[in-house]
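Single-structure report; data block below.
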Amino acid sequence: MATVTLKKDIETHTNGELPEVGTRAPDFKLTRGDLATARLGDWENKKIVLNIVPSLDTPTCAESARKFNAAFDDRQDAEVLVISADLPFAQGRFCSIEGLENVTPLSMMKNRSFAEDYGVLLVDGPLEGLAARAVVIIDEAGTVMYTELVPEITDEPDYDAALAALNG
Numbered sequence: 583m584a585t586v587t588l589k590k591d592i593e594t595h596t597n598g599e600l601p602e603v604g605t606r607a608p609d610f611k612l613t614r615g616d617l618a619t620a621r622l623g624d625w626e627n628k629k630i631v632l633n634i635v636p637s638l639d640t641p642t643c644a645e646s647a648r649k650f651n652a653a654f655d656d657r658q659d660a661e662v663l664v665i666s667a668d669l670p671f672a673q674g675r676f677c678s679i680e681g682l683e684n685v686t687p688l689s690m691m692k693n694r695s696f697a698e699d700y701g702v703l704l705v706d707g708p709l710e711g712l713a714a715r716a717v718v719i720i721d722e723a724g725t726v727m728y729t730e731l732v733p734e735i736t737d738e739p740d741y742d743a744a745l746a747a748l749n750g
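Just so you know, we're using my numbering here: the sequence shown kicks off at 583 and counts up by one.
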């Protein structure tokens, strides 16, 4: 269990810890915009950035999707998956309005097993049931190569560190 804060003064907890660097990334079942199931293996032989956010309907989550989208404008070797509890239709609408073409939104709509398996499910506090803000990078072989649990939910992740790990 990890502790994160909301607005600097509301302490909240996750159900566990992020996967350890060097371990096999847990498989997942998330929902695509067309309601089909997405799994980790769908991106076999590519590096994957999991940009895990509580909801794209908040300024910080929206900004992180925009920044990762911009950083991946010319990349073919990696994919950014933006994962939230938002409905796939809302995710698609957000990406369409924002012109985000370099990220793939995925929803935890059908269940929270992704958040549980990745240790980011918020188990108490006002955002209980959503995911904490985190970044997990997985290499082409499915091994975790970088993690960051953002300690303050309203703060953005460390983009420079994530992109350096991806390029390293």
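Ideal placement from N, C-alpha and C gives every residue a C-beta, glycine not left out.
Among the options, which one has its Cα closest to the Cα of residue i?
i: L622; options: A723, P641 and G615; result: A723
i: F650; options: C677, K590 and L669; result: C677
i: Y700; options: D721, T640, V726 and A620; result: V726
i: Y728; options: E734, A744, A714 and D656; result: A744
i: D668; options: L600, S637, K629 and D656; result: S637
i: K611; options: L600, E602 and W625; result: W625
i: L704; options: Q673, L731 and A607; result: L731
i: R657; options: T640, I630, A697 and R675; result: I630
i: D655; options: P708, L682 and Y741; result: L682
i: V603; options: T594, A714 and D721; result: D721
i: K692; options: R715, A620 and A652; result: A620
i: K590; options: Y741, G750 and D737; result: D737
i: F671; options: S689, D659, E680 and A660; result: S689
i: N749; options: L712, A714 and D659; result: D659
i: D609; options: F696, D742, A653 and E710; result: F696
i: T596; options: L712, Y741 and D742; result: L712
i: R675; options: P601, D639 and E698; result: D639
Going by the DSSP bridge assignment, what does residue i pair with across the sheet?
i: K629; result: A660
i: T594; result: V586
i: T619; result: T613
i: S666; result: S689
i: R606; result: T725
i: A716; result: I634 and L731
i: L703; result: A713
For a test of your reading of the model: does the CB of residue i fall under 8 angstroms from any non-hydrogen atom of the ligand SAH? Yes or no.
i: L709; result: Inclusion of the ligand SAH in the displayed structure is not the case, the ligand content being empty and no account of it being possible.
Return the chain-ordered list of same chain residues with a C-beta closer than 8 angstroms to the C-beta of residue i, the five sequence neighbours on each side being excluded.
i: N633; result: S646, A647, F650, V662, L663, V664, I665, V685, V717 and P739
i: A747; result: I719, M727 and Y728
i: T605; result: T725 and V726
Closer than 6 angstroms by C-beta to residue i: which residues in its own chain qualify, once you throw out the five before and the five after it? Chain order, please.
i: E734; result: T587
i: P687; result: V664, Q673 and C677
i: E710; result: L704
i: R694; result: L703
Short of 7 angstroms in beta carbon distance, which residues of its chain neighbour residue i, apart from the five on each side in sequence? Order them along the chain.
i: E599; result: A584 and G701
i: I592; result: G707 and P708
i: N627; result: E722
i: R715; result: I634, V635, P636, V732, I735 and P739
Query raised in the report: Looking at C-beta atoms only, is the number of pairs between the segment 604-619 and the segment 644-653 that lie closer than 8 angstroms three or more?
Result: Result no; under three Cβ-Cβ pairs closer than 8 angstroms.
Query raised in the report: Could you give the uninterrupted runs of the alpha helix (DSSP H) lying entirely in the segment 669-698, keeping only those of 4 residues or more?
Result: 670-680
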